[in-house]
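So that you can map any letter, position 32 of the sequence shown is 32 in full-length UniProt numbering, and since no number is skipped, the others follow by simple counting.
C-beta: ideal position from N, C-alpha, C; glycine also.
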Amino acid sequence: MTADPRAAACVIKNFVRGGLGHLETFGELPELDVLEDRFVAGGHRVQGLLVDLVASPLFRAVADPR
């Protein structure tokens, strides 16, 4: 799975969508790119992704659920 560069982007989008409870917005895309770069650089480790996600501005700025 790691051989396909689309896989990392897919994993990031799905973790972000699940963690934030909404589809990503245009303004959030740069932070998704940062998370993807860190995920790939970290050897595609989910634990690292979870730490990076909750430490990211995306997670800290989430609104109340609708």
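In its own chain, leaving out the 5 sequence neighbours on each side, no residue places its CB closer than 7 Å to the CB of residue 45. For residue 12, the closest alpha carbon among the candidates 35, 47, 43, 56 is that of 35.
For residue 55, the secondary structure class from DSSP, reduced to helix, strand or coil, is helix. A Cβ-Cβ distance of about 20 Å is found for the pair residue 39 and residue 61, leaving them out of contact under the 8 Å criterion. Buried is the label assigned to residue 16, since at least 16 other Cβ atoms lie within 10 Å of its Cβ. Per the coordinates, the alpha-carbon of residue 19 lies some 12 Å from the alpha-carbon of residue 51.
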